[in-house]
Each structure stands twice: as structure tokens, then as C-alpha cells.
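Peer 1: Structure in C-alpha cells, see below.
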Amino acid sequence: MSPILTIALDAMGGDNAPHCVVEGAQLALRRYDNIRFILYGDRAKIEPLFKLFPTVEPYCEIIHTDVFVAPHDKPSVALRRGGQSGMRMAIDAVKEGKADCMVSAGNTGALMAMAKLVFRTLPGISRPAIAALVPTVKGDCVMLDLGANVECDANDLVQFAIMGDAFARAVLSLQSPKIGLLNVGSEDMKGNDEVKQASQMLRNPELGLDFYGFVEGNDIAEGTVDVVVTDGFTGNVALKTAEGIGRMVSRYVSNAFKSSLGSKLGYLLAKPAIAQLRKSLDPRRRNGAMFLGLNGIAVKSHGSADGYSYYFALRVAAELASSRINHKILEELKLSLTLPPAAPVVDEE
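2 is the number of the first residue of the sequence shown in the numbering used here; add one for each residue after it.
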């Protein structure tokens with residue numbers, strides 16, 4: 002019997018809350034028999050949903066609050082006024098040991114600000130990073146940072162690599178994830194000083210990471226590595242570009258099979274393959290990004306998540322909590338702190 006895992010939920014966060022939250026919880030119970038939920042939100046809106054999803058009710062506790070963080074609230078406003086919001090109460094539950102992790106589909110900036118304020122960063126971590134799964138032709142890979150830090154130095158990138166390694170071990174069940182540093186080319190002389198210095202540090206065998214080297218944008222989709230490390234500005238642009246291309250491909254395929262009678266007949270023959278393609282490109286299956294580097298587990302779900310999508314965010318939270326990801330990060334971080342700093346990069350003429 003696995004130990005009971007308690008997940009605190011910001012039940013009113015997201016476009017489809019609380020419906021998606023309760024539906025996602027019921028789907029999660031089909032996979033995990035050891036999870037329980039604490040739902041922070043409006044009891045009058047949550048309880049009627051148990052009639053639609055009856056199997057989830059025995060595993061849920063509702064803590065009522067009618068305070069919520071609006072989608073467009075600035076982080077500073079949320080910090081001042083959201084002390085009794087479902088988002089803040091779910092974060093506090095993890096801090097106080099009432100829950101093992103928390104999930105919210107609410108305001109990303111507010112969630113990050115609250116989580117940083119309450120959890121603080123892990124010892125040795127200077128900046129948290131947003132990490133999530135992205136699709137490749139070989140399966141999923143971990144990518145970070147996806148927007149928490151616009152500018153990063155070499156030490157930040159090394160810390161991201163350590164955290165990404167632990168994330169891949171926990172969520173993808175990989176024994177030795179292959180790590181790549183996103184750059185404008187694979188050659189050692191390319192890139193800015195920060196990525197060059199980070200590359201030097203990551204090549205140190207004492208760190209214990211399987212560092213592949215520099216990777217380019219096309220390597221992400223090729224699945225060249227299991228973990229892609231970059232700064233938040235580049236990572237966010239790359240992720241949004243990939244998501245847009247995925248939607249474009251899906252539309253092209255859909256329109257192509259509607260263009261003529263022959264193509265419609267061809268669709269019937271190709272229907273199983275099309276279904277598999279749509280499943281592979283479905284962003285709902287990769288929902289759930291963690292703020293790595295904080296002394297507590299906070300998972301961000303897409304704001305537009307439906308129940309099926311929210312279920313995958315719950316899966317990420319459950320796997321991270323079960324694997325004691327922060328303990329693994331701290332263990333690997335101890336090794337990195339003993340390494341000498343990277344030598345200054347000298348451009349060769």
C-alpha cells in the first residue's frame with residue numbers, strides 16, 4: 002500500500018473551474034488509489050458537482066472561501082488582497098504540511114509570486130524555473146525555463162539543468178536523462194558567454210549529469226535530448242511557437258480531408274492514424290508545469306484546462322510529490338556547489 006498523498010487544489014482557478022477540477026480529480030482516482038484532495042473554493046459551487054462525479058466525493062474535503070484571484074490581477078495586487086483566496090490557502094496547506102503538493106489553473110503571475118513568498122527557494126537555488134513536458138518524435142522531453150527568468154547567467158543555467166534532470170527522472174522515469182543546452186548552433190564557439198560558461202560547468206564529470214552539449218531549435222522536436230535547458234525568454238518563445246505550429250498542422254490535416262469527396266473517403270481509411278496524430282499533438286496531455294527550485298511543490302495547469310487536461314496536471318503533481326523531487330534536487334545540488342567556477346570565456350580570433 003502506497004502512503005496517502007494529499008493534493009491541495011485551487012478549486013476556483015481557471016476558465017472552467019470548479020467543473021474541470023472535480024472532473025480531473027475523479028479521473029485521477031482511476032489511476033491512483035492513494036490520493037486525497039483538499040478543495041479550496043466556493044462550497045456552493047463545488048458540492049453540486051459531486052452529483053456529476055460521485056466517486057470523487059469520499060476522497061475530497063472542501064474548505065470554503067469566496068475569495069479568488071482574478072485572471073488579470075497583477076501579482077502585487079494578488080499578494081495584497083489574496084491572503085484568503087483558494088490559491089493562497091492551497092499554497093499555505095503545503096507549507097503547513099497539510100498537503101504534499103498543490104495545483105492551480107489560475108493566474109500564473111499571482112501563483113508564482115505567492116509560491117515564492119510562501120515556499121522560498123531551496124538552499125543553493127538562486128532562481129526558480131518553470132518546467133514542463135513538450136512533445137518530440139521520440140516521446141516527451143522536459144524543457145525549462147519557460148518564462149520565469151528572462152535573463153540568466155551560467156550558474157542559473159546549471160541549476161536549471163540539475164532541476165530538469167530531477168524532473169525527468171520523476172515524471173518520465175528516466176534513469177539517466179540526456180541534457181542539452183539550447184543555443185544558436187551546436188559548435189562550441191557559438192552562443193553568448195553565459196551558455197558557453199554553462200557548457201563548461203556541465204561537462205564536469207563530477208556533476209554526474211549526462212550532458213549532451215549544445216542543441217538547436219530543431220533538436221527539440223527531434224528528441225535529441227531528454228532535457229532542454231534555456232533562459233525563460235527563449236524557452237517561452239520556443240514553446241509558444243511549437244504550440245502554434247502544432248495547431249496549424251492539425252488544421253491543415255483537418256482541412257485537407259474536407260477538400261473533396263475523394264479526400265473524405267481517404268479520411269475513413271486513415272481515421273485510426275489521424276486519431277493517433279491528434280492524440281500525439283493534443284496539448285491537454287502535457288498539462289502541468291512546476292515551479293522548480295521552490296521549497297514546496299506548486300503545479301500550474303493551463304487556465305483553459307478541461308477535466309481531461311486538469312487530470313494530467315494532477316498526474317504531474319502526484320509523480321513529483323511521490324518521487325520527493327526536491328530531495329533529489331538538493332542531493333544533486335550538493336555536488337554542483339563543490340565544483341570550481343567556470344573559466345572566463347575567451348573569444349578566439
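Note that the Cβ used here is the ideal one computed from N, Cα and C, for glycine as well.
Taking its Cβ as the centre, do 16 or more other Cβ atoms sit within 10 Å of Q27, making it buried, or is it exposed?
Peer 2: The residue is buried, with at least 16 neighbouring Cβ atoms inside 10 Å.
Peer 1: Under a three-way DSSP split, which group does F161 fall into?
Peer 2: Correct three-state label for F161: helix.
Peer 1: Going by C-alpha to C-alpha distance, which of L158, D227, G165, V135 sits closest to G245?
Peer 2: Nearest C-alpha to G245: V135.
Peer 1: Using 8 Å as the cut-off, can you tell me whether the stretch 13–25 makes contact with the stretch 103–123, which would need three or more C-beta pairs spanning the two stretches below that distance?
Peer 2: Because the criterion of three Cβ pairs below 8 Å is met, the stretch 13–25 and the stretch 103–123 touch.
Peer 1: As a quick exercise: from I180, A91, Y309, pick the residue whose alpha carbon is nearest that of M202.
Peer 2: The shortest C-alpha separation from M202 is found at I180.
Peer 1: Got a sec, what are the start and stop residues for the beta strand (DSSP E) S251 sits in?
Peer 2: Taken as a continuous stretch (DSSP letters only), S251 belongs to no beta strand (DSSP E), being part of the alpha helix (DSSP H) at 233–257.
Peer 1: Measuring alpha carbon to alpha carbon, tell me which of G84, R31, A319 ends up nearest V300.
Peer 2: The candidate whose alpha carbon is nearest that of V300 is A319.
Peer 1: Do L118 and M88 come within 8 Å of each other at the CB atom, strictly closer than that value?
Peer 2: Not a contact, by the Cβ cut-off of 8 Å.
Peer 1: Where does Y41 fall in DSSP's three states?
Peer 2: Correct three-state label for Y41: strand.
Peer 1: To the nearest angstrom, report how far apart A132 and S261 are at their CA atoms.
Peer 2: Taking the straight line joining both Cα atoms gives about 43 Å.
Peer 1: Please specify which runs of the beta strand (DSSP E), each continuous and at least 3 residues long, are wholly inside the stretch 80–142, giving them in chain order.
Peer 2: Qualifying beta strand (DSSP E) stretches, in chain order: 102–105, 130–137.
Peer 1: Excluding the 5 residues preceding and the 5 following K1 in the sequence, name in chain order all residues of the same chain whose CB lies nearer than 8 Å to its CB.
Peer 2: Here the chain covers residues 2 to 350 and nothing more, so residue 1 does not appear.
Peer 1: For the 8 Å Cβ check, are there 3 or more pairs between the stretch 142–156 and the stretch 222–240?
Peer 2: Contact between the stretch 142–156 and the stretch 222–240 is present, because at least three Cβ pairs lie under 8 Å.
Peer 1: Only counting the same chain, and skipping five residues up and downstream in sequence, which positions put a Cβ closer than 8 Å to that of S127?
Peer 2: The answer, listed in chain order, is N156, D157, Q160.
Peer 1: Determine which residues share a DSSP beta bridge with C61 and list them.
Peer 2: Its beta-bridge partners are F38.
Peer 1: From Y213 to N205, what distance separates their C-alpha atoms?
Peer 2: In a straight line, the C-alpha of Y213 is about 12 Å away from that of N205.
Peer 1: Comparing alpha-carbon positions, which option in A116, D101, F54, C102 lies nearest P76?
Peer 2: Here the closest residue by C-alpha is A116.
Peer 1: Please state the DSSP three-state secondary structure of K179.
Peer 2: Looking at K179 - three-state DSSP - the assignment turns out to be strand.
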